[in-house]
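Q:
Residue numbers (this note's numbering): 204 to 333.
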């Protein structure tokens, strides 16, 4: 075990981009095997080689910058998925709706029957059932 620790000392290791590339490689391999298209299965080794290169790289600053750019590019997608997940988790306790004027998304606790809502953005007043 000390040999592995010694070897990996000063190396970058894994991060979000490496995990994404690894999942992409696995997905490409599975798709290539299922469709019996050898080209896709062969191309699946490219992301795997990039993962290995990134993990064993000693140029930590470049790898951090690459991961930062990846995180910036995928943050809108991650944000949407996270909001959707929260909405599903809170669907038992809250009702979600949009303001008819400015389309701002709001939520109110369920079980209050008919309520009068004031939009925090445009101050429009409307009634909703919860």
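We put the CB at the ideal spot given by N, CA and C, even for glycine. This structure is a prediction, so every number in the text was calculated from the model and none was measured.
Please state the DSSP three-state secondary structure of residue 281.
A: Three-state DSSP puts residue 281 in a helix.
Q: Does residue 262 come within less than 8 angstroms of chain B when only Cβ atoms are used?
A: Although the question refers to chain B, the structure presented lacks it and comprises just one protein chain.
Q: Quick check on residue 286: does DSSP put it in helix, strand or coil?
A: Helix at residue 286.
Q: Check residue 319 in the structure and name its three-state DSSP category.
A: strand
Q: Does DSSP classify residue 385 as helix, strand or coil?
A: Lying outside 204 to 333, the shown extent of the chain, residue 385 is not represented and no answer is given.
Q: Please tell me whether residue 219 and residue 270 are closer than 8 angstroms, where the distance is taken between their beta carbons.
A: Yes, the Cβ-Cβ distance between residue 219 and residue 270 is below 8 angstroms.
Q: Using alpha carbons as the reference points, say which of 229, 305 and 297 lies closest to residue 332.
A: 297
Q: Which one or two residues does DSSP pair with residue 258 in a beta bridge?
A: Partner(s): none; residue 258 has no beta bridge.
Q: If I follow the unbroken alpha helix (DSSP H) through residue 231, where does it start and stop?
A: 219–237
Q: Could you name the residues of the same chain whose beta carbon sits closer than 7 angstroms to that of residue 227, not counting the 5 residues immediately before and after it, in chain order?
A: These residues qualify, in order along the chain: 250.
Q: For residue 332, does the three-state DSSP call read helix, strand or coil?
A: strand
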